[in-house]
Amino acid sequence: MNSTNRVVNRLFLIVVGAALATAGLTAVGAAILPQWAHVWRSSAPTIRDMVAQAWRVGTAFAGIPHVPWALLLVPVAALVVIVLLLVLIFAQGRGGTPRVVDSSELPSAATGRLAVSTAVASEAIRRSLAEERDVAAVRVSTYRVSRAPALKVTVTPRRGAAPLRVLERTEGAVADWDELLGLRVPVFIHLSGGVRAALAKPVRTT
Amino acid sequence: MSSERAVYRRVLRRETHSSRAGAAITVATFLILLLAAAATGCVFLILHLPTLAVVQATLSDITSFRAALRYPVLGSGILAAVLGLIILMIGILPGRKARRRLPSERAAVVVDENVIADSVADRVSRDSGADRGRVKVVADRRRVRVRIVPTSGIPLSVETATEAARAESAQYGLKRRPRVVVAENGTVG
Numbered sequence: 001m002n003s004t005n006r007v008v009n010r011l012f013l014i015v016v017g018a019a020l021a022t023a024g025l026t027a028v029g030a031a032i033l034p035q036w037a038h039v040w041r042s043s044a045p046t047i048r049d050m051v052a053q054a055w056r057v058g059t060a061f062a063g064i065p066h067v068p069w070a071l072l073l074v075p076v077a078a079l080v081v082i083v084l085l086l087v088l089i090f091a092q093g094r095g096g097t098p099r100v101v102d103s104s105e106l107p108s109a110a111t112g113r114l115a116v117s118t119a120v121a122s123e124a125i126r127r128s129l130a131e132e133r134d135v136a137a138v139r140v141s142t143y144r145v146s147r148a149p150a151l152k153v154t155v156t157p158r159r160g161a162a163p164l165r166v167l168e169r170t171e172g173a174v175a176d177w178d179e180l181l182g183l184r185v186p187v188f189i190h191l192s193g194g195v196r197a198a199l200a201k202p203v204r205t206t
Numbered sequence: 207m208s209s210e211r212a213v214y215r216r217v218l219r220r221e222t223h224s225s226r227a228g229a230a231i232t233v234a235t236f237l238i239l240l241l242a243a244a245a246t247g248c249v250f251l252i253l254h255l256p257t258l259a260v261v262q263a264t265l266s267d268i269t270s271f272r273a274a275l276r277y278p279v280l281g282s283g284i285l286a287a288v289l290g291l292i293i294l295m296i297g298i299l300p301g302r303k304a305r306r307r308l309p310s311e312r313a314a315v316v317v318d319e320n321v322i323a324d325s326v327a328d329r330v331s332r333d334s335g336a337d338r339g340r341v342k343v344v345a346d347r348r349r350v351r352v353r354i355v356p357t358s359g360i361p362l363s364v365e366t367a368t369e370a371a372r373a374e375s376a377q378y379g380l381k382r383r384p385r386v387v388v389a390e391n392g393t394v395g
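Okay, structure coming up:
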């Protein structure tokens with residue numbers, strides 16, 4: 001439910017994957033196909049001339065009389081791309097919020113401000129499910145979905161319990177919470193297999 | 207403001223498919239290391255500036271593509287191509303999570319497929335009398351598969367087991383008939 005930009009992730013993987021595959025296949029082609037190796041060899045003088053050209057164009061830098069521009073530009077460009085990649089990495093998994101209601105975001109014109117902490121929702125839903133022996137664990141969190149908060153309720157049924165009964169009880173707990181809050185917030189319920197589910201990929205029971 | 211249904215559609219789609227965050231972070235980290243190495247290499251070259259002649263000699267070694275280079279190029283090419291195709295596929299494939307949507311009046315609901323498998327195994331064991339520890343169930347997007355190892359000497363009805371699996375999995379919207387396999391050789395005890 002986090003706000004990870006999945007389109008960006010996929011485009012990034014597609015671009016990097018395609019570039020790497022193309023480079024790899026070109027290298028393989030050059031190694032096994034004589035025609036490709038010929039292209040490689042015949043373009044060699046051009047590349048050498050280009051590098052020599054670039055090597056000659058330079059400037060004095062940090063007391064060194066002649067430093068090719070290329071050697072100065074590559075690290076700068078690399079740093080810029082590194083910063084962009086760090087932004088990509090740290091943009092993952094955001095979107096959690098500590099408030100399940102914040103009146104300053106509602107369209108009403110009322111004065112004053114009312115905010116309800118996620119901890120209140122968590123406490124209320126846990127209380128409603130406290131007596132439930134079939135429930136092994138409850139986790140409540142809030143995420144922003146389409147610019148408004150939505151509750152995420154993760155329930156781990158105890159082994160041997162009927163999951164649909166646990167779901168019914170969880171929906172009951174959500175109904176209690178609706179009544180307590182007096183507002184309807186989007187709710188997402190996840191019946192989870194627990195840590196087991198994350199560790200063991202094939203769905204299996206013994 | 208978007209309607210609740212629209213929010214639920216979005217949440218359900220996102221919660222049943224991988225975000226590809228792990229793959230993106232891994233690839234980005236490797237790229238960062240690669241770029242940092244390139245930048246460091248350039249700084250090193252600036253400090254120990256080779257003459258143009260040396261640079262050209264090194265380049266002509268690579269570009270003339272002598273026979274000695276053939277296998278290193280082939281090897282790294284294959285490696286890069288395979289890695290690239292894997293990354294490309296991760297980017298393109300849907301990446302479905304082992305979860306199933308359930309209908310609900312109030313909320314958007316998903317259940318892990320192994321939770322479904324657990325409850326089917328419970329029901330099969332209860333109805334057929336097979337030992338719970340000897341009933342293995344795998345649930346996927348379409349159907350459940352049940353495998354039972356019976357206890358020697360105690361008869362086990364495949365029909366009862368199948369009906370139990372069918373009834374239980376149907377509750378989760380799995381309409382296809384379950385596949386139930388009873389092992390030919392039972393165990394003792």
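If you read the sequences in order, they're chains A and B. Going by this note's numbering, the first sequence opens with residue 1, and the numbers climb by one from there. Going by this note's numbering, the second sequence opens with residue 207, and the numbers climb by one from there. Even glycine gets a Cβ: it sits at the ideal position worked out from N, Cα and C. None of the values given here were measured: they were computed from a predicted structure.
Sequence-distant residues of its chain with Cβ nearer than 7 Å to residue i (five each side left out)
i, result
"residue 183 of chain A", "101"
"residue 286 of chain B", "none"
"residue 201 of chain A", "Note on residue 201 of chain A: pLDDT 42, under 50, position unreliable in the model; no value is reported."
"residue 157 of chain A", "134, 135, 136, 163, 166 and 191"
Any chain B beta carbon closer than 8 Å to residue i
i, result
"residue 125 of chain A", "no"
"residue 150 of chain A", "yes"
"residue 154 of chain A", "no"
"residue 28 of chain A", "yes"
"residue 269 of chain A", "Beyond the ends of chain A as shown, which are 1 and 206, falls residue 269 of chain A; an answer cannot be given."
"residue 81 of chain A", "yes"
"residue 157 of chain A", "yes"
"residue 203 of chain A", "Only weak support is given to the placement of residue 203 of chain A: the predicted model assigns it a pLDDT of 44, under 50, and the value that follows is read from those uncertain coordinates. True, the Cβ-Cβ gap to chain B drops below 8 Å."
"residue 173 of chain A", "no"
"residue 96 of chain A", "no"
"residue 192 of chain A", "yes"
"residue 63 of chain A", "no"
"residue 199 of chain A", "Because the pLDDT of residue 199 of chain A is 47, which lies under 50, any placement of that residue in the model is unreliable, and the question is left without a value."
"residue 78 of chain A", "yes"
"residue 88 of chain A", "yes"
"residue 16 of chain A", "yes"
"residue 137 of chain A", "no"
"residue 85 of chain A", "yes"
Residue environment, residue i, which counts as buried when at least 16 other CB atoms sit within 10 Å
i, result
"residue 254 of chain B", "exposed"
"residue 328 of chain B", "buried"
"residue 50 of chain A", "exposed"
"residue 193 of chain A", "buried"
"residue 264 of chain B", "exposed"
"residue 85 of chain A", "buried"
"residue 215 of chain B", "exposed"
"residue 93 of chain A", "exposed"
"residue 199 of chain A", "Bear in mind that a pLDDT of 47 at residue 199 of chain A, under 50, signals an unreliable position, so the model cannot answer this."
"residue 186 of chain A", "buried"
"residue 209 of chain B", "exposed"
"residue 43 of chain A", "exposed"
"residue 263 of chain A", "Outside the displayed range of chain A (1 to 206) lies residue 263 of chain A, so it cannot be described from this structure."
"residue 64 of chain A", "exposed"
"residue 79 of chain A", "exposed"
Contact belief for residue i with residue j at Cβ below 8 Å, rounded distance in angstroms
i, j, result
"residue 336 of chain B", "residue 344 of chain B", "Wrong, their Cβ atoms sit about 16 Å apart, outside the cutoff."
"residue 352 of chain B", "residue 367 of chain B", "7 Å"
"residue 142 of chain A", "residue 113 of chain A", "That belief does not hold up - the Cβ atoms of residue 142 of chain A and residue 113 of chain A are roughly 17 Å apart, past 8 Å."
"residue 17 of chain A", "residue 290 of chain B", "5 Å"
"residue 234 of chain B", "residue 73 of chain A", "Rounded, the Cβ-Cβ distance is 22 Å, inconsistent with contact."
"residue 303 of chain B", "residue 224 of chain B", "6 Å"
"residue 81 of chain A", "residue 241 of chain B", "6 Å"
"residue 245 of chain B", "residue 75 of chain A", "4 Å"
Close Cβ partners of residue i (< 8 Å) along its chain, the five nearest in sequence each way excluded
i, result
"residue 282 of chain B", "none"
"residue 382 of chain B", "348 and 349"
"residue 321 of chain B", "none"
"residue 218 of chain B", "307, 314 and 316"
Chain A within 8 Å of residue i, Cβ atoms only
i, result
"residue 294 of chain B", "yes"
"residue 362 of chain B", "no"
"residue 207 of chain B", "For residue 207 of chain B, the pLDDT reaches just 45, beneath the cut-off of 50, and the residue's location in the model is therefore unreliable, although a value from the coordinates is still provided. Chain A, which has a Cβ nearer than 8 Å to the Cβ of residue 207 of chain B, makes this yes."
"residue 230 of chain B", "yes"
"residue 238 of chain B", "yes"
"residue 379 of chain B", "no"
"residue 283 of chain B", "yes"
"residue 318 of chain B", "yes"
"residue 336 of chain B", "no"
Residues near residue i in its chain [Cβ-Cβ closer than 6 Å; skip 5 each side]
i, result
"residue 132 of chain A", "169"
"residue 189 of chain A", "153 and 170"
"residue 127 of chain A", "none"
"residue 130 of chain A", "none"
"residue 57 of chain A", "69"
Whole beta strand (DSSP E) elements within the stretch 290–347 of chain B, 3-residue minimum
305–308, 314–318 and 341–345
Ordered list of alpha helix (DSSP H) runs contained in the stretch 29–87 of chain A, each at least 4 residues
34–42 and 44–56
Which ranges does the beta strand (DSSP E) cover as unbroken runs of at least 3 residues, wholly within the stretch 136–182 of chain A, from first to last along the chain?
148–157
What are the uninterrupted segments assigned as alpha helix (DSSP H) that are 4 or more residues long and contained completely in the stretch 232–288 of chain B, given in chain order?
258–269
If you scan the stretch 108–136 of chain A from start to end, which runs of the alpha helix (DSSP H) of 4 or more residues do you find wholly inside it?
118–129
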